[in-house]
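These notes concern the structure reproduced below.
Residue numbers (this note's numbering): 1 to 328.
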């Protein structure tokens, strides 16, 4: 295991080693000096000059040794200092590389996040565009279907009007061809039937078949009732307009619902359609009125009330406007 050393630790160690070496050298010198008199005393047979020479050589040798030790200590300290500097440089380089790596990773993460956001935004825009296109296509298809249904209804109404006109012409021809001898026998009853028919038609709007049925309910025969009704020369289209107005004054209707109601009253589809379309009706307002009528009867959710109005014949737009108008 490698132990890292700080420059201060290395320098302190070097100085301590130098002091130790210097102390040892001083001790050696002192010991040598102390031993010189002893040697001189014990060797009195040798000349004094020889002893002095040996002492001088020992002192020179000690100085050389001290100098070498000092140099070696300096070299060791320099080596330790260089190693410390190298370690510090390596540490700084490692820190710099770590910082650069962290910066690169942060930049890469930011770029990835930006690309993800752009991708999500593009996907959302594509989904919104697809939803918008789908809604437009559905609206166009619905409008085309409504237009086709209206066209078919008009064609059917025209066909029924032609059939009704033909039937009326045939009935008139049969009436004209009836034996004249029957006229006196039917005159009194026929006159009463015609009078009664006139009273009803002045009071309220009727379809042709509805008025005939009403006279039959009063006790007149079907032939008498039919003759009486046909003798009045009634404009049944005008009666359909009048009847449609009567219904709208009582309750709310959709366009198709009102046409169906007039057809139920005995008007032909052509007459009923003419009667309804001759009026200027705000069907959004009618939807709101009908929605309010339903809410007074029972509870509805918003979607449930819209569905109910559409069942009554209102378009989705009219039904939605009606429900919005009542605040649901």
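Glycine included, every Cβ here is placed at the ideal spot set by N, Cα and C.
Item                                                                                                                                   : Value
Residue 218 to residue 138 span [Cα, whole Å]                                                                                          : 53 Å
For residue 317 and residue 158, the rounded distance between their alpha carbons                                                      : 28 Å
Reference residue 153, options 140, 292, 274 and 94, closest by Cα                                                                     : 274
Entirely enclosed alpha helix (DSSP H) segments - the region 254–313, minimum 4 residues                                               : 255–264, 269–277, 283–297 and 302–311
Exposure of residue 195, with buried meaning 16 or more beta-carbon neighbours within 10 Å                                             : exposed
Environment of residue 298 [buried if 16+ CB atoms lie within 10 Å]                                                                    : exposed
Contacts around residue 284, its chain only, beta-carbon distance under 7 Å, and the 5 residues preceding and following it disregarded : 318, 321 and 322
Of the listed residues 206, 190 and 267, nearest to residue 164 (C-alpha basis)                                                        : 267
Buried versus exposed call for residue 226 [16 or more other C-beta atoms within 10 Å across all chains shown]                         : buried
Residue 73 burial status per 10 Å Cβ neighbour count (16 or more: buried)                                                              : buried
Under the three-state DSSP convention, the category residue 217 falls into                                                             : helix
Burial state of residue 190 (16 or more Cβ within 10 Å)                                                                                : buried
Spatial neighbours of residue 246 in its chain, beta-carbon cut-off 7 Å, leaving aside the 5 residues before and after                 : 205
Top-ranked residue by Cα proximity to residue 252, from 220, 89 and 281                                                                : 281
Assumed close pair residue 291, residue 262 - CB separation to whole angstroms, cut-off 8 Å                                            : Not confirmed; about 23 Å, so no contact.
First and last residue of the uninterrupted alpha helix (DSSP H) at residue 238                                                        : 236–250
Cβ neighbour criterion (16 or more within 10 Å) applied to residue 38                                                                  : Its pLDDT being 41, under 50, residue 38 is placed unreliably by the model, and the measurement read from it follows with that caveat. When all chains shown are included, residue 38 counts as exposed.
Nearest candidate by alpha-carbon position, reference residue 338, set 234, 166 and 315                                                : Here the chain comprises residues numbered 1 to 328, so residue 338 is not present and cannot be evaluated.
Endpoints, the alpha helix (DSSP H) within which residue 322 is located                                                                : 316–325
Terminal residues of the alpha helix (DSSP H) in which residue 223 lies                                                                : 222–230
7 Å CB neighbourhood of residue 216 in its chain, flanking five on each side removed                                                   : 222 and 225
Simplified DSSP assignment, three categories, for residue 149                                                                          : helix
Residue 324 and residue 271 closer than 8 Å at C-beta                                                                                  : no
Residue 328 beta carbon less than 8 Å from that of residue 343                                                                         : Shown here, the chain extends from 1 to 328; a query on residue 343 therefore has no answer.
Top-ranked residue by Cα proximity to residue 193, from 67, 228 and 201                                                                : 228
Sequence ranges, alpha helix (DSSP H) only - wholly within the region 70–137, length at least 4                                        : none
Beta-carbon proximity of residue 312 to residue 257, cut-off 8 Å                                                                       : yes
Residue 201 beta carbon less than 8 Å from that of residue 232                                                                         : yes
Reduced DSSP secondary structure (H/G/I, E/B, other) of residue 233                                                                    : coil
Simplified DSSP state of residue 209, which is helix, strand or coil                                                                   : helix
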